[in-house]
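The structure appears right after this line, and notes come after that.
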Amino acid sequence: MPKIVDPEARRRAVAQAVLRVVGRQGVEGASLRNVADEAGLAIGSVRHYFSDHDEVLLFAMAELNARIEGRVRGHVERLLDPGAGAGAERRAQVEELLVEFLPLDAERREEGMLWQAFTTAARTRPGLRPYAVALESGLRALLLRVLRGGQEAGGLPDDLDLELETLRLSALLDGLTLQATLEPERITPDVLRGALRRHLETLRRDG
Numbered sequence: 002m003p004k005i006v007d008p009e010a011r012r013r014a015v016a017q018a019v020l021r022v023v024g025r026q027g028v029e030g031a032s033l034r035n036v037a038d039e040a041g042l043a044i045g046s047v048r049h050y051f052s053d054h055d056e057v058l059l060f061a062m063a064e065l066n067a068r069i070e071g072r073v074r075g076h077v078e079r080l081l082d083p084g085a086g087a088g089a090e091r092r093a094q095v096e097e098l099l100v101e102f103l104p105l106d107a108e109r110r111e112e113g114m115l116w117q118a119f120t121t122a123a124r125t126r127p128g129l130r131p132y133a134v135a136l137e138s139g140l141r142a143l144l145l146r147v148l149r150g151g152q153e154a155g156g157l158p159d160d161l162d163l164e165l166e167t168l169r170l171s172a173l174l175d176g177l178t179l180q181a182t183l184e185p186e187r188i189t190p191d192v193l194r195g196a197l198r199r200h201l202e203t204l205r206r207d208g
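Mind the numbering: the sequence shown is residues 2 to 208 in the numbering used here, read in order.
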């Protein structure tokens, strides 16, 4: 009796293989042959589930994004809850949401390195660029919602330029992630939290 294969599970297994290869060798090392070997499959099996190399990479990017979204979702739901706290409690909730995008531990450091690898590759791979841009836009939309929520809750000035501050916060998260993945011994989790907290304090009325 032929073995029944779950196509979606097989695609996810290939995506995880892509992430492992990219983590070791960068996107340029994630050839179909290397990915197939990492997944323990014949290269023909990979081609059976994906139309081309870009589709493999895009699916892996989506898996990486889903992993991050899974952690972030709970923080967002708490912040958007009508009964969410205010003042110091809300500030703490915002910080816990935002640090999910910083490499505070091995898992998030790996995610940061992988995301940097994909976004760098997207500059020279037209097939990846629209998806990478869409994910970056999604992050900025989330940050805008967080800042707007803080403004509506009275914790941020009414005249704060939310679009500009969203860009600044996004750039801060990207820059801290880049530096911390390059120099984890210098840019420690405490340094990351301190830099983020100080930035958020400057946005407050009494910052």
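We put the CB at the ideal spot given by N, CA and C, even for glycine.
Assumed close pair Glu166, Gly24 - CB separation to whole angstroms, cut-off 8 Å:
Going by Cβ atoms, the distance from Glu166 to Gly24 rounds to 33 Å, so no, they are not a contact pair.
Whole-number beta carbon distance between Glu64 and Gln17, since they are thought to touch under 8 Å
Contact between Gln17 and Glu64 holds, since their C-beta atoms are separated by about 7 Å, short of 8 Å.
Would you call Arg199 buried or exposed, if buried means 16 or more other Cβ atoms sit within 10 Å of its Cβ?
So Arg199 counts as exposed.
Rounded Cβ spacing between Leu115 and Arg109 (contact assumed at less than 8 Å)
Actually they do not touch by this definition, with Cβ atoms about 11 Å apart.
Hey, out of Ala89, Asp7, Gln26, Leu80, whose CA is closest to Arg46's CA?
It should be pointed out that residue 46 corresponds to Ser in this sequence rather than to Arg. The shortest C-alpha to C-alpha distance from Ser46 to any of Ala89, Asp7, Gln26, Leu80 is the one to Asp7.
Reference Leu129; option with closest CA among Thr182, Arg91, Val100, Glu56:
Measuring from the Cα of Leu129, the nearest candidate turns out to be Glu56.
What residues in its chain sit with their C-beta under 8 Å from that of Ile44, if we drop five residues either side in the sequence?
In chain order, Leu33, Arg34, Ala37 place their CB closer than 8 Å to the CB of Ile44, counting only its own chain and leaving out the 5 sequence neighbours on each side.
Quick check on Pro131: does DSSP put it in helix, strand or coil?
If DSSP states are grouped into helix, strand and coil, Pro131 belongs with the helices.
Tell me whether the segment 188–196 and the segment 133–140 touch, counting them as touching only if at least three CB pairs, one residue from each stretch, are closer than 8 Å.
Not touching, per the Cβ criterion.
Would you report the Cα separation of Arg11 and His54, rounded to the nearest angstrom?
Distance between the alpha carbons of Arg11 and His54 is about 16 Å.
Arg149 (DSSP reduced to helix, strand or coil)
Helix, per DSSP.
Hey, how far is the Cα of Gly71 from the Cα of Asp160?
Taking C-alpha positions only, Gly71 is separated from Asp160 by approximately 33 Å.
Selected residue, minimal CA-CA separation from Leu201, among Pro190, Pro185, Leu148, Gly176:
The residue with the shortest Cα to Cα distance from Leu201 is Leu148.
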